[in-house]
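These notes concern the structure reproduced below.
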Amino acid sequence: MNFKKIGFIGLGLIGGSIALKLKELYPTANIIATSHGQSTISNAYKMGIISNQKKLDIKDFSDCDFIYLCAPVENNIEYLSQLKEVISPNCIITDVGSTKTKIHKRVQELGLEANFIGGHPMTGSEKTGIAYANPIFLENAYYIITPTEQTKKEQLDDYIQMVSSFGSIPLVLDYIQHDRATAAISHLPHMIAFSLTNFIASIDDSNETMKTIAAGSFRDMTRVAASSPAMWESIAATNKEQISILMDEYISMFQDLKEHIQNYDKDHLLHFFEEAKNYRDSLNLPGKQVKRLVHEIYLDLNDEAGGIATIATIMAFKNINIKNIGIINNREFEEGVLRIEFYEEHAKEKALKLLKERNYVIHER
């Protein structure tokens, strides 16, 4: 693909990461952006991502070859009406929203189907903002593409090629299929995490005993509850039908589980837990549609000053980037006290070799 000018409306964590990657792939392309806050634009300019120092008007995007909508979903939908009046006939508009039905229907109403291809990079973090943007953020992540009925084959092929160049895994879906799938594997888990976190907060005692002894199971399940409240309010608003349907189905299953616990149906419970374990374990197995996206190791670490610093130094000395590192204070269901996550599989393998050579006890999951 030959880009001369690329526009971004909204430039947070995801938009910023894509812009950084595009800058790396297409160094001669002129990348411009506007955002709700001037500080975001100023920071992006200082980082060398964009060419403009000030917020822009929609008319400034009239000569863009490609425009990314990276604001909350509801805002992206509003921008479509404004862009319709200014874009060139060959301009492609895409988005990075995690819900698709509402924006696709608006595209249809505006007659923009020939200019729109939906996109959803399935990566994220509880961190938000341009300061946390990183081009590596897109690597090894599924990037769902939702074309319209008027998307030309060559346009779709170009989009798939671009996504692949990010290091992402392109997956083409119908927008309705996308919304049910993401509601199941992303939106519903977030709703569970938010509600579980608030539930524990509401029943904890005055000494915050539950908060103090919170183990790996609670921390793992509620990590995503630290995500942007504004973003998730928007997701709930734009995919409420699919989320509500799945919440009803989940509540029904949860109620059924409760009854089997109350009646102590041993065989049913054992089978239920075994099925869950087998499915969860299968997420890490190689297969046609399965690729390991989390590259992590656990290792035993003596309780002594400088232990973590020593490991970090070993990694840094060999130019191994660490995505996340943390102590598991309660070892419930965990093997090893220190968890290290890497951006790439080869970095994990290199780290494993180094740490084993230094006689660290390593556990892989």
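For the working numbering, count along the sequence shown from 1 and bump the result up by 538. Think of the CB as a built atom: it goes at the ideal place given N, C-alpha and C, for glycine as much as any other residue. Note that the structure is predicted; figures quoted are calculated from it, not measured.
Counterpart residues of residue i in DSSP-defined beta bridges
i: Val-762; result: Per DSSP, none; premise fails for Val-762.
i: Ala-571; result: Phe-546
i: Leu-837; result: Leu-876, Ile-900
i: Asn-864; result: Before going on, a small fix: residue 864 reads as Gly here, not Asn. Per DSSP, Arg-877.
Cβ neighbours of residue i in the same chain (closer than 8 Å, five flanking residues each side left out)
i: Lys-891; result: none
i: Ile-630; result: Asp-603, Phe-604, Ile-605, Asn-653, Phe-654, Ile-655, Gln-693, Tyr-697
i: Ala-567; result: Phe-541, Lys-542, Lys-543, Ile-544, Leu-560, Lys-561
i: Ile-799; result: Leu-807
i: Lys-888; result: Lys-856, Ile-858
i: Gly-825; result: Confidence is the limiting factor: at Gly-825 the pLDDT is only 46, short of 50, which leaves the residue's position unreliable and the question unanswerable from this model.
Sequence-distant residues of its chain with Cβ nearer than 7 Å to residue i (five each side left out)
i: Leu-618; result: Arg-644, Val-645, Leu-648, Leu-650
i: Ile-714; result: Thr-639
i: Pro-708; result: Tyr-681, Ile-683, Ile-698, Val-701, Ser-702
i: Ala-775; result: Glu-612
i: Glu-895; result: none
i: Ala-722; result: Leu-784
i: Asn-614; result: Leu-607, Asp-633, Gly-635, Ile-641
i: Asp-601; result: Lys-543, Ser-626
i: Met-853; result: Ile-860, Ala-889
i: Pro-767; result: none
i: Phe-871; result: Note on Phe-871: pLDDT 41, under 50, position unreliable in the model; no value is reported.
i: Lys-622; result: Leu-648, Leu-650
Own chain residues within Cβ distance below 6 Å of residue i, not counting five before or after
i: Ala-652; result: Gln-688
i: Phe-704; result: Lys-559, Leu-676
i: Ile-738; result: Met-748
i: Lys-886; result: His-833, Phe-880
i: Met-660; result: Ala-679, Tyr-680
i: Gln-591; result: Tyr-583
i: Val-762; result: His-728, Ala-731
i: Gln-620; result: Ile-596
i: Val-710; result: Ile-683
i: Val-828; result: For Val-828, the predicted model reports a pLDDT of 42, less than 50, meaning its position is unreliable; a value from the coordinates is still stated below. So no residue of the chain qualifies.
i: Tyr-802; result: none
Nearest-angstrom Cβ-Cβ length linking residue i and residue j, presumed shorter than 8 Å
i: Ile-570; j: Leu-549; result: The pair is not a contact, with the Cβ atoms about 10 Å apart (cut-off 8 Å).
i: Gly-545; j: Ile-605; result: 4 Å
i: Ser-765; j: His-728; result: 7 Å
i: Val-611; j: Gly-575; result: 19 Å between Cβ atoms; not a contact.
i: Thr-632; j: Ile-655; result: 5 Å
i: Ile-860; j: Ala-847; result: Not confirmed; about 12 Å, so no contact.
i: Thr-735; j: Thr-760; result: 5 Å
Proximity below 9 Å, CB of residue i to CB of residue j
i: Tyr-898; j: Leu-837; result: yes
i: Ile-683; j: Thr-578; result: no
i: Arg-718; j: Leu-784; result: yes
i: His-716; j: Ile-773; result: no
i: Ile-547; j: Ser-573; result: yes
i: Pro-673; j: Glu-562; result: yes
i: Thr-596; j: Gly-554; result: Before going on, a small fix: residue 596 reads as Ile here, not Thr. Going by C-beta atoms, Ile-596 is not nearer than 9 Å to Gly-554.
i: Ile-865; j: Leu-839; result: yes
| message | So within the segment 584-611, which uninterrupted beta strand (DSSP E) runs reach at least 3 residues, ignoring any that extend past its ends? | response | 604-607
message: List, from N- to C-terminal side, the alpha helix (DSSP H) runs of 4 residues or more that fit wholly inside the segment 702-752.
response: 713-720, 726-741, 747-750
Exercise for the section: Quick one: which unbroken alpha helix (DSSP H) runs of 4-plus residues sit fully inside the segment 631-685? Chain order, please. Expected result: 639-648
key: Ordered list of alpha helix (DSSP H) runs contained in the segment 756-801, each at least 4 residues   = 767-776, 778-800
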